[in-house]
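Novice: Heads up: the sequence shown runs through residues 1 to 249, numbered per the UniProt record's numbering.
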Amino acid sequence: MTNLVSIIMPAYNAEKYIAYSIESIIAQDYPNWELLVVDDCSNDGTRKILEKYSNLDNRIKLISLDNNCGVAKARNIAINNSNGKYIAFLDSDDIWHPDKLTEQISFMSKNNYPFSFTSYELIDAEGQETKKIINAPPKVDYQGLLKGNIIGCLTVVIDKGHYQNISMPVIKHEDYATWLQLLKGGSTAYGMSKVLAQYRKTNTSVSSNKVKSVLWTWNIYRSYLQLGLFKSVFCITSYAVNAFKKHYF
């Protein structure tokens, strides 16, 4: 289907917030989407909520797993079952603004961009605005992204036809590793300055655990990308500095 957007959503014990995330998709003024939501063997009320929404809207496709496989594998299952020209990502506790897809697909189509992302704002666990905005730069390439992950997963839209294989590795910070791998081939990701999404920052959010985040990033540099020691030290230093600026300035 022309310009169909396949939205990738993993879900595990997400009963507290997932309805807000799905409602923000249903509220999109861009109607040509499918939501592939993978219930990763939740043991709370997540599956019941998802069954309700999939029965209400045939654009919502529920994939239920019998064994917990983790967020990367869950996303990959959804990607492999997607039908759209584009894929977009939204986690089960984050929110899109109603014009998100309209604005972003127009931006990509007019400029023939294969990979785009946007600015987003942080909200607290209760959904209250924190007034903190993560601003998207106009563009970023592989070398630039090595210095820090400025690409919010909840804002990404990718033209599937431009890349041979879109698959997230089963490691921590799998989204960052994926963007690096896609850009490593010479591609560029283009940013929109407009705020089009809200990232819910809770005590369990990846961004809340700074020490683990640095260790996971170091593993991406050394093990996944197999960068040299000095290059890795330079990148992790830049990453740490930029992460501090990102969240505190």
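Note that CB positions come from ideal geometry on N, CA and C, so glycine has one too.
#1: By DSSP, does Thr102 sit in helix, in strand, or in coil?
#2: Among the residues of its own chain, which have a CB less than 7 angstroms from the CB of Gly161, if the five just before and after it don't count?
#3: Which runs of the beta strand (DSSP E) fall wholly inside the region 75–143 and span at least 3 residues, in chain order?
#4: Once DSSP output is grouped into helix, strand and coil, what is the label at Arg200?
#5: Cα separation between Thr102 and Asp29?
#6: Can you tell me whether Ile133 is buried or exposed, with buried defined as 16 or more other CB within 10 angstroms of its CB?
#7: Would you check if the distance between the CB atom of Lys61 and the CB atom of Leu36 is smaller than 7 angstroms?
#8: Where does Glu34 fall in DSSP's three states?
#9: May I ask which residues mark the beginning and end of the alpha helix (DSSP H) holding Lys52?
#10: Buried or exposed: Pro138, going by 16 or more other Cβ atoms within 10 Å of its Cβ?
#11: Which partner residues of Ser64 appear in the DSSP bridge assignment?
#12: Check whether the region 6–22 touches the region 69–86, taking contact to mean three or more Cβ pairs, one atom from each stretch, closer than 8 angstroms.
#13: Between the beta-carbon of Met168 and the beta-carbon of Thr155, is there less than 7 angstroms?
#14: Please identify the residue among Ser92, Asn68, Cys69 whose C-alpha is closest to the C-alpha of Leu50.
#15: Give the C-beta separation of Ser116 and Tyr176 to the nearest angstrom, bearing in mind that I take them to be a contact with Cβ-Cβ under 8 angstroms.
#16: Does DSSP put Tyr190 in a helix, in a strand, or in coil?
#17: Go to Val156, then tell me how far its beta strand (DSSP E) extends in each direction, as first and last residue.
#18: Quick one: what does DSSP say Val5 is sitting in, helix, strand or coil?
Specialist: Straight from the coordinates:
#1: DSSP, read as helix, strand or coil, puts Thr102 in helix.
#2: Cβ neighbours of Gly161 beyond the five flanking positions: Lys85.
#3: Taking 3 residues as the minimum length, the beta strand (DSSP E) runs contained wholly in the region 75–143 are 86–89, 115–123, 129–134, in order along the chain.
#4: DSSP, reduced to helix, strand and coil, places Arg200 within a strand of the structure shown.
#5: The straight-line gap from Cα to Cα measures roughly 7 angstroms.
#6: The C-beta of Ile133 has fewer than 16 other C-beta atoms within 10 Å across all chains shown, which makes the residue exposed.
#7: Cβ atoms of Lys61 and Leu36: closer than 7 angstroms.
#8: DSSP, reduced to helix, strand and coil, places Glu34 within a strand of the structure shown.
#9: For Lys52, the uninterrupted alpha helix (DSSP H) segment begins and ends at 46–56.
#10: With fewer than 16 other Cβ atoms inside 10 Å of its own Cβ, Pro138 counts as exposed.
#11: Bridge partners of Ser64: Asp39.
#12: Cβ pair count under 8 angstroms is three or more, so yes.
#13: Contact: no.
#14: Here the closest residue by C-alpha is Ser92.
#15: In fact, because the Cβ distance is near 17 angstroms, the residues do not count as touching under 8 angstroms.
#16: Reduced to three states, the DSSP call for Tyr190 is strand.
#17: Unbroken run through Val156: none, as it is neither H nor E.
#18: In the structure shown, Val5 sits in a strand (DSSP, three-state: E or B).
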